[in-house]
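For reference, the structure is listed below as structure tokens.
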């Protein structure tokens, strides 16, 4: 075993049974997980095949796999290490037929879901309430992350009735075309384990030790997966930090980690508080901020070395001055661009920073922009490839049937689609029969027949061909390069296509797997998987995207009320606490230097607004020093208490009026009593999750 500190050693050698490791930022949690796995194999004699380690990003999983193989002195580990979604996909490919579903399903990404939902919303009866496709998908995902479904009984209002109808039609469409969405990879696995005890027992026997990284980020479905799989033996080892729980907006439930000892009464709890990343001043400032939260189990990070520069705070006159300060300062300090990250709360804040960096000729990258695999050219080719594996994938077919154009006009396709709907068949099956349909133009019939032959031929080729030659064959047969050459930016778009073929060739060499496995891996790519920290450029990213990364020097900009924290005075305390945790995460990304900044005024949504310095700057206290001869803004005055509605009268469907946002309808509620929160859809189209007791709400009669 490599050298571990006292806390790490105690956690690594924990006895069987449930264990919670509270690992502060930079405290070596990945090392603990790797050493725990190695200790189970080397000291306890556990067969690696009986180990299951789950995390949240492909990058983290790849790093874990690499480090464990190195630690065990093997080329490849037989333990299962990967993301929750990858594990869900792994099991569903083997067992989903137990739920009456085909094993040859397609995994829909965000764009596929949106494309499908746009059609479903467009086809709604005129009597339905007007909702946006994105809003409907958010409503559906919110339920699925909780492993839940719409409640039986009457819907609360017209909007909820519409959402329920879309829920049914959305899942009918997915089922019909043999597809699942990202949430289904978890929800269907929970259902499989619950409804089929023999399957649950089979995988309990297979995975005798279950380890979960970033446990504070688990949603209810992920919590159930871990609990169900460990039920037989109780060996659940979770590592996390409640102070870094920042994803409630995508379903993460901080109570999973806060209540671990209650859910697993025999659990042992270990704390990792020694930080190996940041200097003492950075940790003092971060600790001072997060200590104001009430919902935490408690820990205080410390650094072995006392050295380090003070955390600085700069107060700019406006957003433009703030951006110029950041750029001028990193030049003055002679920081190498790759050492620097500029973090902000919202993507819109990057524009001024980009302009300032461009003027100085400094290279930068924006993490979270359009990803390579999200470009139109790649999506077109991938949709063709998906049809070779699953011809029932109607969404992929819709995208590429006329790309490049092949003579099937809009009117002809509408008739094909109507016929498929009437018979309950996938579109591709209807295209197989269209050659004999003399009600359609001969050109459309010939084009459809040629398309079917193309897919059939390539599907046969896919059974024996490597990925790169198959992809090149596809591109050649559909004339895709010629199609792109007729468009704007043709050279750049050709480069994108060639780069994709190169990535396929690299996949052939590195993985040696087939088309279906490639599509599976592609479906699980996350936003930061392709981030390269060695690029000679300043990194611009949101605080959320920065989690798990570290930089020598960090500028955290926009520390203003209403921006960070991105909540108002009347919002629920828990929302402020999550924003505080987000600030803590951003601060602890810095290794050597941390600079905070705010602006007295800022242009937001097209108008200039006066700003107040974030409460988080004040909470950091003496750990932060003003820079550039500018002092801190005075402490904010406490906002007057606003009238609030009675939580006991707040139900799904209740009509309300908000002092700022106007009238709206309660979509759903959660919590109870003084802690009741309501998701409200306002007539302006905005939705907000508000603390009923504190928000300026009035319940409308009738």
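Residue numbers (my numbering): 36 to 737. Ideal Cβ placement from N, Cα and C applies to all residues, glycine included.
Query                                                                                                                                                                       : Result
Strictly by DSSP, which residues pair up with residue 337?                                                                                                                  : 309
Sort out for me which residues DSSP pairs residue 602 with in a bridge.                                                                                                     : In the DSSP output, where bridge partners are listed per residue, residue 602 has none listed.
Taking 7 Å as the threshold (C-beta atoms), are residue 353 and residue 636 in contact?                                                                                     : yes
Considering only C-alpha positions, which residue in the set 82, 501 and 485 is nearest to residue 512?                                                                     : 485
Tell me which same chain residues have a C-beta within less than 8 Å of the C-beta of residue 519, skipping the five on either side of it?                                  : 412, 525, 528, 529 and 532
Could you compute how far the alpha carbon of residue 436 sits from the alpha carbon of residue 461?                                                                        : 14 Å
Going by the CB atoms, is the gap between residue 168 and residue 186 shorter than 7 Å?                                                                                     : no
If you follow the beta strand (DSSP E) that residue 159 is part of, which residue opens it and which one closes it?                                                         : First-last for residue 159: undefined, no H or E at that position.
Using alpha carbons as the reference points, say which of 516, 341 and 125 lies closest to residue 439.                                                                     : 516
Leaving out five residues before and five after residue 100 in sequence, what residues of the same chain have Cβ atoms less than 7 Å from its Cβ?                           : 112 and 116
DSSP has residue 88 in a bridge; who is on the other side?                                                                                                                  : 116 and 246
What does the Cβ neighbour count give for residue 697, buried or exposed, with the cut at 16 atoms within 10 Å?                                                             : exposed
Going residue by residue through the segment 410-481, where are the continuous alpha helix (DSSP H) segments of at least 4 residues, counting only ones entirely within it? : 411-424, 429-435, 445-458 and 462-468
Can residue 45 and residue 242 be called in contact, C-beta distance under 7 Å?                                                                                             : no
Go ahead and pull the three-state DSSP assignment for residue 726.                                                                                                          : strand
Where do the N-terminal and C-terminal ends of the beta strand (DSSP E) with residue 206 fall, by residue?                                                                  : Careful: residue 206 lies outside any beta strand (DSSP E), inside the alpha helix (DSSP H) at 193-211.
Looking at C-alpha atoms only, which residue of 724, 703, 662 and 626 is the closest neighbour of residue 748?                                                              : Because the chain spans 36 through 737 in this model, residue 748 falls outside it and cannot be assessed.
Within this structure, are the beta carbons of residue 734 and residue 680 separated by less than 7 Å?                                                                      : yes
Nearest CA to the CA of residue 51: which residue from 244, 499 and 630?                                                                                                    : 244
Apply the 10 Å Cβ neighbour rule to residue 254 and answer buried if 16 or more other Cβ atoms are within range, or exposed otherwise.                                      : buried
Tell me where the beta strand (DSSP E) around residue 381 begins and ends.                                                                                                  : Looking at the DSSP string, residue 381 is not in any beta strand (DSSP E), and its letter there is neither H nor E.
Within 10 angstroms of its Cβ, does residue 335 collect 16 or more other Cβ (buried), or is it exposed?                                                                     : exposed
Near residue 204, what residues of its chain come up, given a Cβ to Cβ distance below 7 Å and the 5 sequence neighbours on each side ignored?                               : 155
Return the bridge partner residues of residue 9 from the DSSP annotation.                                                                                                   : Within the shown structure, residues of the chain are numbered from 36 to 737, placing residue 9 beyond reach of any answer.
Pair every Cβ in the segment 351-366 with every Cβ in the segment 379-398, then say whether three or more of these pairs are closer than 8 Å.                               : yes
For residue 595, list the residues DSSP reports as bridge partners.                                                                                                         : 648
From residue 118 to residue 480, what distance separates their C-alpha atoms?                                                                                               : 45 Å
If you draw a straight line from the alpha carbon of residue 53 to that of residue 131, how long is it in whole angstroms?                                                  : 29 Å
Spell out the partners DSSP gives residue 704 in its beta bridges.                                                                                                          : 713
Taking residue 68 and residue 325 to be in contact with their CB atoms under 8 Å, please state how far apart those CB atoms are, rounded to whole angstroms.                : The pair is not a contact, with the Cβ atoms about 23 Å apart (cut-off 8 Å).
Is the CB-CB distance between residue 494 and residue 543 below 7 Å?                                                                                                        : no
Given a cut-off of 7 Å, decide if residue 347 and residue 630 are closer than it, judged by their beta-carbon atoms.                                                        : yes
Considering only the beta carbon of each residue, do residue 379 and residue 592 sit closer than 7 Å?                                                                       : yes
Which one of 212, 536 and 344 has the shortest CA to CA distance from residue 658?                                                                                          : 344
For residue 661, which beta-bridge partners are listed by DSSP?                                                                                                             : 348
Considering only C-alpha positions, which residue in the set 653, 249, 184 and 47 is nearest to residue 327?                                                                : 653
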